[in-house]
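Chains as they are written, first to last, in the numbering used here: chain A, 9 to 129; chain B, 205 to 457.
Written below as structure tokens is the structure these notes are about.
Rendered as structure tokens:
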């Protein structure tokens, strides 16, 4: 139907994925759990760095839309790095490694990783 | 989100999910899309977690996110997580954490630990049901034997309900969106009814990776928030995922 909720007949023949609802496949990466936690995500982040920075920038824009003074981002950048040391191992170390490789401020990588709990706010 | 675990007539278990995210986080008027959902799509990656050069588990994830929302422990179990809304939500857990009460687990760290360390469907189910958490959630878990498929409805402290596959009762699949299965979904966000209609129309005889993808491609199960569709076959140890689009007209959620 062409009014919300736009329900339609059950689709058929969509697989293998094709057509306008299929944007593309997903690349594979290896995460070596034998490496120190801070080094496990280097390969993935090195390749996805720009996309991650673009996402974080979009979240910053959203935060600034709510708090134009920039105080909210300041709070994230000051408070959340203190929180990373309270996170259970190996998550805190892995998050630090991601911040280092991507160049994204540590507080913002922490926010990205606890977003499910924060989102409820 | 929509997650399904289905048992075909031969007893094979299939697990599929749409990962929807970005609601009310900025609408792009020109492109008719959610800003954050579109920014997440290029970050979708498939990950092979290995130890001693052996696969421990595999996951579809967003690069930079160390927790797990979709994963398979080959030949053992499959796991997805859907958001659960509750007033007793994650913000209370975060406040408790800041105040020094740290006996709860962050949701996606729990799923990562289960995928990494659990060695069976029952073991995974026990950890997901009994571990205290900072935020409520739905865990959708599939095993590797007949009947091993369930939805665990979690509050922060407890497991409120576990709904299992029971083919004898005609429940050959379990399906979860973002609402307690014993309640009607929010009337402006009923993806459950169309999803179940398509599953019932497919029937147990014809459920497969292909027809499961069809169900997850039907609007409004597929909507503007959908970033990827993942399909998992535990007995094959196979995970495949595809980045999605929902051209207008399409439900914003």
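Built from N, CA and C at the ideal position, the CB exists for glycine as well.
On a predicted model such as this, the values are computed, not experimentally measured, just so you know.
For this session: Provide the residue span of the beta strand (DSSP E) that contains residue 40 of chain A, from first to last.
Result: 36-40
Exercise. Touching or not, the region 30-46 of chain A and the region 251-264 of chain B, by the rule of three or more beta carbon pairs under 8 Å?
Worked result: These segments touch.
Problem set entry | Under 7 Å (Cβ pairs) to chain B, residues found in the region 24-38 of chain A | 25, 28, 29, 30, 31, 32, 33, 34, 35, 36, 37 and 38
Exercise. Assuming residue 282 of chain B and residue 219 of chain B make a contact with CB atoms under 8 Å, what is their CB distance in whole Å?
Worked result: The C-beta distance from residue 282 of chain B to residue 219 of chain B rounds to 4 Å, short enough to meet the 8 Å contact threshold.
Exercise. Bridge partners of residue 210 of chain B, per DSSP?
Worked result: B:218 and B:377
For this session: Please report the residue range of the alpha helix (DSSP H) in which residue 317 of chain B lies.
Result: 311-321
Exercise. Mind listing which residues of the region 243-256 of chain B have their C-beta closer than 9 Å to chain A's C-betas, in chain order?
Worked result: Residues of the region 243-256 of chain B with a C-beta less than 9 Å from any C-beta of chain A: 243, 244, 245, 246, 247, 248, 249, 250, 251, 252, 253, 254, 255 and 256, listed in chain order.
For this session: Answer yes or no: do residue 310 of chain B and residue 337 of chain B have a C-beta to C-beta separation smaller than 9 Å?
Result: yes
For this session: Give a yes or no on whether the minimum CB-CB distance between residue 313 of chain B and chain A is below 9 Å.
Result: yes
Exercise. Which one of A:79, A:125 and A:22 has the shortest CA to CA distance from residue 293 of chain B?
Worked result: A:125
Problem set entry | residue 14 of chain A beta carbon less than 9 Å from that of residue 423 of chain B | It is a contact, given that the beta carbons lie within the stated cut-off.
Exercise. Per the contact definition of three or more C-beta pairs closer than 8 Å, is the region 234-253 of chain B in contact with the region 103-114 of chain A?
Worked result: no
Exercise. Helix, strand or coil for residue 238 of chain B per DSSP?
Worked result: strand
Problem set entry | beta strand (DSSP E) runs contained entirely in the region 17-102 of chain A, provided each spans 3 or more residues | 30-33 and 36-40
Exercise. Chain B beta carbons: is any one of them nearer than 9 Å to that of residue 85 of chain A?
Worked result: No, residue 85 of chain A does not count as interfacial toward chain B.
For this session: Please say whether residue 363 of chain B and residue 285 of chain B have beta carbons closer to each other than 9 Å?
Result: no
Exercise. Does the beta-carbon distance from residue 31 of chain A to residue 240 of chain B come in below 9 Å?
Worked result: no
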